[in-house]
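To convert, note that position 88 of the sequence shown is 88 in full-length UniProt numbering; the numbers rise steadily by one, no gaps.
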Amino acid sequence: MTDSLVTGNKARDGGGIFNQGGTLKLTNTAVTNNRAEAQQKYKSSGGGYYNSDGGTATLDNSKVTDNIAVAQRVSEDDDLNAYTASYGGGIYNSAATLVLTGSTVSGNKIVVEDGTTAYGGGIYGAEGTVTLVFERPNR
1 MTDSLVTGNK ARDGGGIFNQ GGTLKLTNTA VTNNRAEAQQ KYKSSGGGYY
51 NSDGGTATLD NSKVTDNIAV AQRVSEDDDL NAYTASYGGG IYNSAATLVL
101 TGSTVSGNKI VVEDGTTAYG GGIYGAEGTV TLVFERPNR
């Protein structure tokens, strides 16, 4: 995906982009103002980008900004099933490969309600590889 904009979307996982076991490269692309929000007793992951199960995500000179993953209380009960969890406001990467080169991940967040859990406002990584390549402008 080149020179594109992914914005204003909503899903339980991967509010902007969902990649499960595939290969996707973003170049000069913005993933912004997307939302991952769970209903019932499910978790929500990757407000902007969800990458899992052997997937490969490469972001080159791209932006993942102002995305949200929401964890909420779904019942007034005090049992553990009354709560959801949230992972990766910007990017969720689990058992997958994520490579960011000259890219920006900023302004992403996790929204939590009383008793819920949340991890990784910008990037959540588990059981996979996350590679960050910082590029310095020529002077």
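For every residue, glycine included, the Cβ atom is placed at its ideal position computed from N, Cα and C.
If you're wondering where the values come from, they're calculated on a predicted model, not measured in any experiment.
Have a look at G8, G125, S94 and G90 and flag the residue whose alpha-carbon is nearest the alpha-carbon of G107.
Of G8, G125, S94 and G90, the residue nearest in Cα terms is G90.
Out of D53, T32 and G54, which one is the CA nearest neighbour of G47?
Cα-wise, what sits closest to G47 is T32.
Between the Cα of N67 and those of V133, F134, T129 and V6, spot the shortest distance and give me the residue it belongs to.
Ranking the options by Cα distance to N67, first place goes to V6.
Apart from the five residues just before and just after G125, which ones in its own chain have a Cβ nearer than 6 Å to its Cβ?
Result list for G125: N93, in chain order.
Mapping the DSSP letters down to three states, classify N34 as helix, strand or coil.
Coil.
Using only CA atoms, which one of R35, I17 and E37 lies nearest to T29?
Taking only the C-alpha atoms, the option nearest T29 is I17.
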